[in-house]
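Below is one structure, written out as structure tokens, with a few remarks after it.
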Amino acid sequence: MKITHLSSAHPRYDTRIFIKECASLANLENYDISLVVADGLGDEVKNGVEIFDIGKIEGRLNRIVKTTKSVFDKALELNSDIYHLHDPELMPIGLKLKKLGKKVIFDAHEDLPMQVLAKPYLSKWVKKPLSWMIAKYERYACSRFDYVVAATPYIREKFLQFTKSVDVNNYPIIQELTNDVPWETRKNQVCYVGVIAKIRGNLENVQALEYVNPHRSFKLAGMT
Numbered sequence: 008m009k010i011t012h013l014s015s016a017h018p019r020y021d022t023r024i025f026i027k028e029c030a031s032l033a034n035l036e037n038y039d040i041s042l043v044v045a046d047g048l049g050d051e052v053k054n055g056v057e058i059f060d061i062g063k064i065e066g067r068l069n070r071i072v073k074t075t076k077s078v079f080d081k082a083l084e085l086n087s088d089i090y091h092l093h094d095p096e097l098m099p100i101g102l103k104l105k106k107l108g109k110k111v112i113f114d115a116h117e118d119l120p121m122q123v124l125a126k127p128y129l130s131k132w133v134k135k136p137l138s139w140m141i142a143k144y145e146r147y148a149c150s151r152f153d154y155v156v157a158a159t160p161y162i163r164e165k166f167l168q169f170t171k172s173v174d175v176n177n178y179p180i181i182q183e184l185t186n187d188v189p190w191e192t193r194k195n196q197v198c199y200v201g202v203i204a205k206i207r208g209n210l211e212n213v214q215a216l217e218y219v220n221p222h223r224s225f226k227l228a229g230m231t
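Going by the numbering used here, the sequence shown opens with residue 8, and the numbers climb by one from there.
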């Protein structure tokens, strides 16, 4: 079975996409797994996954228009059985692939309509109508896809109202965890790994530490 994951915005080695969803299947028999990205780093084969790079285009609008078209062209060229979409702007090409008789899965990494409401660069007059329109289109498109993979149970329950959905949570890979360090020797600190932004609750985490332990340090690692 030939399966292609499509992304116009995520890095090629994104843990959820590359490690948990691509490489994990590539290690099994009878699965031909490919990943289409747009980072400008070139094509390669890694961990059994064939990565196709359509090139990086700067600017949010260009990414939505030009990169999306390039992703669709590459998807047609690969002629896979199943296409797994990882970015909201790819929903229109998902509908096109459905018309061609392909199986299409949408991966809801975030609750997109709610995420729009939290965007600091959007005015309050734009946020609500834009969120409403996105919710309507998301429902229209995803109800026509074959499945929705959700990052959390909350997101899954939203999609279950109108389509088939399952949650694949972003838990750590158990093999990467170690218990070699005794608890009594560990540092009295909290560590956050991920996108460093207000929308991710970093401010609330700092405020919560005041109630847990005033001497506990809070370290953040990730992109801003």
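We put the beta carbon where it would ideally sit given N, CA and C, even for glycine.
Quick caveat: nothing in here was measured; it's all calculated off a predicted structure.
message: Under DSSP, the alpha helix (DSSP H) around Ser138 begins and ends at which residues?
response: It spans 131 to 149 - the alpha helix (DSSP H) in which Ser138 sits, taken as one unbroken run.
- prompt: Under the three-state reduction of DSSP, which class applies to Thr11: helix, strand or coil?
  reply: Three-state DSSP puts Thr11 in a strand.
- prompt: From Pro160 to Ser224, what does the alpha carbon distance come to, in whole angstroms?
  reply: 30 Å
message: What would DSSP say about Ala157, mapped onto helix, strand or coil?
response: Correct three-state label for Ala157: strand.
Cβ-based neighbour list, Lys73, same chain, cut-off 6 Å, excluding 5 preceding and 5 following: Excluding sequence neighbours, Lys73 sits near Ile64.
field: Cut-off 6 Å between Cβ atoms - residues of its own chain near Leu32, not counting five sequence neighbours on either side
entry: Tyr38, Ile40
- prompt: DSSP on Lys110, reduced to helix/strand/coil?
  reply: In the structure shown, Lys110 sits in a strand (DSSP, three-state: E or B).
- request: Can you tell me the Cβ-Cβ gap for Ile162 and Asp94, rounded? I've got them flagged as a contact below 8 Å.
  value: Their Cβ separation, rounded to whole angstroms, is 15 Å, which puts Ile162 and Asp94 out of contact at 8 Å.
- prompt: According to DSSP, which residues form a beta bridge with Glu57?
  reply: Beta-bridge pairing links Glu57 to Ser41, Val52.
Neighbourhood of Ala16 by C-beta distance below 6 Å, restricted to the same chain and skipping five residues each side: Asp94
message: Rounding to the nearest angstrom, what Cα-Cα distance links Asp60 and Ser77 in this structure?
response: 10 Å
- request: Measuring alpha carbon to alpha carbon, tell me which of Leu227, Val156, Ile26, Ser14 ends up nearest Gln182.
  value: Ile26
task: Note down, in chain order, each residue of its chain lying with its Cβ closer than 6 Å to the Cβ of Tyr154, except the 5 sequence neighbours on either side.
output: Taking Tyr154 as the centre and dropping the five residues before and after it, the same chain places the C-beta of Ile112, Lys171 closer than 6 Å to its C-beta, in chain order.
query: So, using beta-carbon positions, are Leu104 and Ala82 closer together than 8 Å?
result: yes
query: Can you tell me where the beta strand (DSSP E) with Tyr199 in it begins and where it stops?
result: Its beta strand (DSSP E) spans residues 196 to 200.
- prompt: According to DSSP, is Ser87 helix, strand or coil?
  reply: coil
field: Unbroken beta strand (DSSP E) run spanning Val173, endpoints
entry: 172 to 174
Nearest to Leu167 (by Cα), restricted to the options Ile180, Tyr178, Leu129, Cys149: Ranking Ile180, Tyr178, Leu129, Cys149 by Cα distance to Leu167 puts Cys149 first.
- prompt: Going by other Cβ atoms of all chains shown within 10 Å of its Cβ, with 16 needed for buried, is Glu28 buried or exposed?
  reply: buried
message: Please identify the residue among Leu210, Glu96, Phe79 whose C-alpha is closest to the C-alpha of Tyr144.
response: Glu96
- prompt: What distance in whole Å lies between the Cβ atoms of Gln122 and Ile71, which are believed to be in contact at a cut-off of 8 Å?
  reply: Not a contact, Cβ separation roughly 16 Å.
message: Rounded to the nearest angstrom, what separates Asn195 and His222 at their Cα positions?
response: 8 Å
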